[in-house]
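Asks: After the structure tokens below, expect a handful of questions from me.
Number of protein chains: 2
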Amino acid sequence: MKKKKKNENSSKIFEGHDHGACFGDAITLIEDYFIEKKLQLTPLRRKVFEILIEDHKPLGAYEILDSLGKAGFSSSPPIAYRVLDFLMEHGFVHKVQGLNAFIACSNPEHSHFPTFVICRKCEKVAEVSDEKTRLNLSSPEITDFKIEKTTIELTGICSTCENAEIR
Amino acid sequence: MKKKKKNENSSKIFEGHDHGACFGDAITLIEDYFIEKKLQLTPLRRKVFEILIEDHKPLGAYEILDSLGKAGFSSSPPIAYRVLDFLMEHGFVHKVQGLNAFIACSNPEHSHFPTFVICRKCEKVAEVSDEKTRLNLSSPEITDFKIEKTTIELTGICSTCENAEIR
DNA sequence: CATGTAATGATATAACGTAACATCTTAACA
DNA sequence: TGTTAAGATGTTACGTTATATCATTACATG
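These protein sequence lines map, in sequence, to chains E and V. For the first sequence, numbering that gives the first Met the number 0 begins at 0 and goes up steadily by one. For the second sequence, numbering that gives the first Met the number 0 begins at 0 and goes up steadily by one.
Printed below as a string of structure tokens:
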């Protein structure tokens with residue numbers, strides 16, 4: 000059998016990763032982006048992004064508000080929604096519609112058409128680039144519509160949970 | 000001789016159709032399905048389906064409740080949500096996540112992976128079969144997950160609205 | 001009749017999201 | 001440097017969407 004490095008060329012989308020590195024990389028990435036675009040990475044915005052990237056799973060707006068409150072920020076609903084909207088506009092956060100929740104973008108090279116794979120049991124969510132599982136969006140099949148945004152979410156069961164179900 | 004379906008071979012997904020026929024066909028289809036599966040197409044369930052197929056556009060749960068009330072049915076929230084869940088289970092209704100709204104399935108041959116195309120301006124919604132715009136869901140790219148359900152929604156602008164924007 | 005089951009009815013409340021307006025901070029520039 | 005305009009945050013109040021829970025009806029079966 001051939002040995003493969005973790006995740007390299009892997010089709011297993013739910014495998015672990017080096018979260019410490021992921022966190023640091025993501026912060027650096029957003030910092031650089033904000034500087035380049037002359038945007039303000041304010042304490043509030045930074046905190047919201049950190050909360051999301053730290054957990055690395057979808058959080059409801061009100062969960063985020065709780066965390067903000069505990070961290071000494073204001074925690075009335077508009078606070079969270081405004082910051083989330085802002086971060087979404089710039090591609091650092093996505094909304095997972097099926098869960099009414101928000102997740103940090105794990106691939107801010109800003110793939111146009113991200114896909115979310117959601118386990119209904121453990122609620123883990125993986126973001127898959129449009130390389131692996133993608134729509135034929137550029138096909139000539141639809142001629143009277145211009146796509147601006149996509150929501151692609153695949154719900155089902157991950158292999159770990161499925162194996163656990165067999166008893 | 001094979002009956003030709005509306006829009007067959009067309010790539011214009013927002014074109015009109017014969018709604019009278021559509022309505023009748025859909026009712027017949029659901030009746031047959033319920034008989035075959037020994038399910039109860041109760042007055043309430045029938046009414047909810049009729050409301051949706053009549054409008055042929057996404058309706059919020061509370062809009063449906065209004066209609067139910069006017070038709071003499073009970074109109075407390077769980078009534079609508081229960082019936083909608085039931086109809087969704089059997090593939091006669093879909094939820095459009097991006098609008099928090101429900102729409103009758105226009106193609107109850109039960110395509111596994113329906114796609115909804117949503118104009119952000121006129122809010123028209125077209126259901127596109129997974130023939131035209133589809134995911135490579137059967138690809139070997141994802142090996143540790145079993146897809147049970149998909150949410151695929153394309154938001155943008157239809158050609159009618161886009162032309163209207165040019166001034 | 002007693003029991004079971006599927007569907008519906010009703011109340012209350014949880015969860016999610018936004019409008020409107022006030023205040024404070026920052027950046028830009030005369 | 002002080003003024004100003006834009007950007008960011010704070011606060012109240014409200015609107016919308018969804019569920020938990022329990023009660024009732026209707027009909028079937030032993």
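No residue lacks a Cβ here, since even glycine has one placed at the ideal position from N, Cα and C.
Compare the C-beta of V/D143 against all C-beta atoms of chain E and say whether one is closer than 8 Å.
Replies: Looking up residue 143 of chain V in the second sequence gives position 144. Judged by the 8 Å Cβ criterion, V/D143 is in contact with chain E.
Asks: For the alpha helix (DSSP H) that contains V/H18, what are its first and last residues?
Replies: For the purposes of this step, residue 18 of chain V is taken as residue 19 along the second sequence, with counting starting at 1. Unbroken alpha helix (DSSP H) run through V/H18: 18-35.
Asks: Can you list, in chain order, the residues of its chain with a C-beta nearer than 8 Å to that of V/A79? Leave out the 5 residues immediately preceding and following it.
Replies: Position 80 of the second sequence, counting from 1, holds the residue named residue 79 of chain V. Cβ neighbours of V/A79 beyond the five flanking positions: V47, A60, Y61, I63, L64, L67.
Asks: Could you check whether the Cβ of V/G90 sits closer than 8 Å to any Cβ belonging to chain E?
Replies: In the second sequence, residue 90 of chain V corresponds to position 91, counting from 1. Closer than 8 Å: no.
Asks: Tell me the residue span of the beta strand (DSSP E) that contains V/L153.
Replies: Working through the second sequence from its first residue, we reach residue 153 of chain V at position 154. It spans 144-157 - the beta strand (DSSP E) in which V/L153 sits, taken as one unbroken run.
Asks: CB-CB under 7 Å to E/C157, same chain, minus the five flanking residues each way: which ones, in chain order?
Replies: For the purposes of this step, residue 157 of chain E is taken as residue 158 along the first sequence, with counting starting at 1. Only F13, C118, C121, K123 meet the Cβ criterion.
Asks: Does the beta carbon of V/E147 come closer than 8 Å to any beta carbon on chain E?
Replies: What you label residue 147 of chain V is simply residue 148 of the second sequence in a count that begins at 1. Chain E, which has a Cβ nearer than 8 Å to the Cβ of V/E147, makes this yes.
Asks: Starting from E/V124, find everything on chain V with Cβ-Cβ shorter than 9 Å and list it in chain order.
Replies: Taking the first sequence and counting its residues from 1, one reaches residue 124 of chain E at position 125. Going along chain V, no residue has its Cβ under 9 Å from E/V124, so there is no contact; the nearest lies around 11 Å.
Asks: State yes or no: is the beta carbon of E/E164 nearer than 8 Å to at least one beta carbon in chain V?
Replies: Within the first sequence, numbered from 1, the residue matching residue 164 of chain E stands at position 165. For E/E164, the answer is no, since every Cβ of chain V falls outside 8 Å of its Cβ.
Asks: When DSSP builds the beta bridges, which residues end up paired with V/T41?
Replies: The count along the second sequence starts at 1 and reaches residue 41 of chain V at position 42. BP columns for V/T41 are empty, so no partner.
Asks: List the residues of chain E whose Cβ lies closer than 9 Å to the Cβ of V/T154, in chain order.
Replies: Numbered from its first residue, the second sequence carries residue 154 of chain V at position 155. Result: I146, E147, K148, T149, T150.
Asks: With a threshold of 8 Å between beta-carbons, can V/G59 be considered close to chain E, or not?
Replies: The residue given as residue 59 of chain V occupies position 60 in the second sequence. Not an interface residue.
Asks: May I ask you to report which of helix, strand or coil DSSP gives E/K94?
Replies: Against the first sequence, residue 94 of chain E aligns to sequence position 95. Strand at E/K94.
Asks: Looking at V/L51: is its Cβ nearer than 8 Å to the Cβ of V/V82?
Replies: Counted from its first residue, the second sequence places residue 51 of chain V at position 52. Counted from its first residue, the second sequence places residue 82 of chain V at position 83. Cβ distance not < 8 Å, so V/L51 and V/V82 don't count as in contact.
Asks: Does any residue of chain E have a CB that is nearer than 8 Å to the CB of V/K11?
Replies: Mapped onto the second sequence, residue 11 of chain V falls at position 12. V/K11 counts as touching chain E.
Asks: Over what stretch of residues does the beta strand (DSSP E) that includes E/I117 continue unbroken?
Replies: Here residue 117 of chain E is taken as the residue at index 118 of the first sequence, counted from 1. Counting along the chain, the beta strand (DSSP E) containing E/I117 begins and ends at 114-118.
Asks: Closer than 7 Å by beta-carbon distance: list the chain V residues that pair up with E/C157, in chain order.
Replies: As a position in the first sequence, residue 157 of chain E is number 158, starting the count at 1. Residues of chain V passing the Cβ test: D143, F144.
Asks: Which residue wins for smallest C-alpha separation from V/H111, given the options V/D143, V/K69, V/I26, V/T150?
Replies: In the second sequence, the residue the question calls residue 111 of chain V occupies position 112. Cα-wise, what sits closest to V/H111 is V/T150.
Asks: Consult DSSP for V/F101 and reduce its assignment to one of helix, strand or coil.
Replies: Here residue 101 of chain V is taken as the residue at index 102 of the second sequence, counted from 1. It is a strand residue.
Asks: Counting C-beta neighbours from all protein chains within 10 Å, is the total for E/A100 16 or more, i.e. buried, or is it exposed?
Replies: For the purposes of this step, residue 100 of chain E is taken as the residue at position 101 of the first sequence. That one is buried.
Asks: Could you tell me whether the Cβ atoms of V/H93 and V/P77 are closer together than 8 Å?
Replies: As a working note, residue 93 of chain V is residue 94 in the second sequence. As a working note, residue 77 of chain V is residue 78 in the second sequence. Against a cut-off of 8 Å, the Cβ pair of V/P77 and V/H93 comes out as no contact.
Asks: Does any residue of chain E bring its CB to less than 8 Å from the CB of V/G19?
Replies: Within the second sequence, the letter at position 20 stands for residue 19 of chain V. No, because no Cβ of chain E sits closer than 8 Å to the Cβ of V/G19.
Asks: If you measure from the beta carbon of V/E161 to each beta carbon in chain E, is any gap under 8 Å?
Replies: To locate residue 161 of chain V, count along the second sequence from 1; it is residue 162. Yes, because at least one Cβ of chain E sits closer than 8 Å to the Cβ of V/E161.
Asks: Let me make sure I understand the geometry here. Which of E/E126, E/T159, E/A25, E/L38 has the alpha-carbon closest to that of E/L153?
Replies: As a working mapping, residue 153 of chain E is identified with position 154 in the first sequence. The shortest C-alpha separation from E/L153 is found at E/E126.
Asks: Just the Cα atoms here: how many angstroms apart are V/H55 and E/S75?
Replies: Here the question's residue 55 of chain V lines up with position 56 in the second sequence. Here the question's residue 75 of chain E lines up with position 76 in the first sequence. Each residue's alpha carbon lies about 38 Å from the other.
Asks: Taking the alpha carbon of E/L58 as the reference point, which residue from E/E30, E/I102, E/K145 has its own alpha carbon closest?
Replies: As a first step, residue 58 of chain E must be located in the first sequence, where it is residue number 59. Comparing Cα positions, the closest option is E/I102.
Asks: Measuring alpha carbon to alpha carbon, tell me which residue in E/H16, E/C160, E/F144 is nearest V/K145.
Replies: Taking the second sequence and counting its residues from 1, the one referred to as residue 145 of chain V is at position 146. Ranking the options by Cα distance to V/K145, first place goes to E/C160.
Asks: So, does the CB of V/V47 fall closer than 8 Å to a CB anywhere in chain E?
Replies: The residue labelled residue 47 of chain V in the question sits at position 48 within the second sequence. Not an interface residue.
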